[in-house]
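A quick write-up on the structure given underneath.
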Amino acid sequence: MTKQKAEHFEQLHSREDKILILPNAWDKGSARMMQAMGFEAIATTSAGYAFSVGKRDWPGEVSRKEALEHCAMMVKATSLPVSADLENGFGARPDTVAETIRQAAATGLAGCTIEDTTGKSNEPIFDFTHAVERITAAVEARRALKRPFMLTARAENFLHGRPDLDDTISRLIAFEAAGADVLYAPGLASIEDIERVCSAVTKPVNVVIGTAASHFTVTDLLECGVRRVSTGSSFARAAIGGFLQAARELRYKGSFEYAQYAASFSEIDDLLETAKQAQN
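The numbers in the numbering used here rise by one with no breaks, and the one at position 39 of the sequence shown is 22.
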């Protein structure tokens, strides 16, 4: 079953007329409801998971062990292929990243993303050569597996105060040459920049929907060559945003208007029952 899901996940990236919508779930319930709503695959979110256990995402406070235990839980929670947000691979050394890939595959994941971030505020991005060496090591580990495992390489300049599109594209080109299966530059805020990225590489490009990209539509992104759209932490933050708004209303206004916007028990129960039937 793991191999079949991984092969299916790989195939979902090859369609030229349809984008893979890859929502990021943060717990069993969100994963199962996403399956019930008809999504074809899901991803984890490092930030969403960190927030749910009371930890910060930057700098990363979740250990590799914790993250992979969470991934294993998410794989078991749904019959869909699951890709994991594994941050920077939980270490600077290429061999550490390779070991993360091996352990991630052992959980039953269909793929993962690896960033070129250091976790250091004063020097947030690995230098070009080292970043490529890390992806090369990840690719070698992925190739040693006996099944597909979609490796997504992320160039993080735009999320860390380095809006250098030329360097970002150079990194993505090098990651593709190293053997990455999907390429990803979060934080791009214009269709023109996304088009440049898609034109520079031949492997599928992922765009994450966050604040910078919230004005795009799926049609916009398909037309400029994007093959996959993820939601990152935006679903989790939207959920937390609703909770905070309700909590502030009660704390500071003493009113309960928020309750009229809450999902009903029947809606949630129906989604969870649909997911349960899909599992059986």
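Backbone N, C-alpha and C fix where the C-beta goes; we use that ideal spot for every residue, glycine too.
With contact defined as three or more Cβ pairs closer than 8 Å, the stretch 107 to 127 and the stretch 63 to 83 are in contact.
Counting only runs of 4+ residues, the alpha helix (DSSP H) found wholly inside the stretch 20 to 55 occupies 29 to 35, in chain order. The stretch 31 to 45 makes no contact with the stretch -10 to 5, as fewer than three CB pairs between them are under 8 Å.
The beta carbons of L205 and I4 sit about 11 Å from each other, so the pair does not count as a contact at 8 Å.
When the five nearest sequence neighbours on each side are left out, the beta carbons in the same chain lying within less than 7 Å of the beta carbon of E232 are those of S238, E240 and Y241, in order along the chain. M16 sits in a helix when the DSSP states are folded into three classes. Taking 3 residues as the shortest admissible run, the stretch 155 to 192 contains the following complete beta strand (DSSP E) segments, listed from N- to C-terminal end: 165 to 167 and 188 to 191. Each of P77, R85, Q18 and R39 was checked against the Cα of L51, and the nearest Cα belongs to R85. Leaving aside the five residues that flank T96 on each side, the residues in its chain whose CB is nearer than 6 Å to its CB run, in chain order, D68, T135 and R137. Counting every other CB atom within 10 Å of its CB across the protein chains shown gives H198 a total below 16, marking it as exposed.
Counting only the Cα atoms, D99 lies some 14 Å from G170.
Considered as a whole, the stretch 68 to 107 harbours 77 to 89 as its complete alpha helix (DSSP H) runs of no fewer than 4 residues, in chain order. Of the candidates V180, S46, A161 and A196, the residue whose Cα lies closest to the Cα of G74 is S46. Put simply, of T27, A221, K59 and V188 the residue whose alpha carbon is nearest the alpha carbon of A258 is K59. When DSSP states are grouped into helix, strand and coil, V122 belongs to the helix group.
Between T101 and F111, the beta carbon gap of about 13 Å keeps them out of contact (Cβ cut-off 8 Å). Shown here for A183: same chain residues with a beta carbon closer than 8 Å to its own, the five before and five after excluded, namely I152, L155 and I156 in chain order. For H143, the CB contacts under 8 Å within the same chain, skipping 5 residues up- and downstream, are T100, P107 and I108 in chain order. Cβ neighbours of N71 within its own chain (closer than 6 Å, five residues either side excluded): E98 and T100. Note: S213 is bridge-paired with L5 and V191 in the DSSP secondary-structure output.
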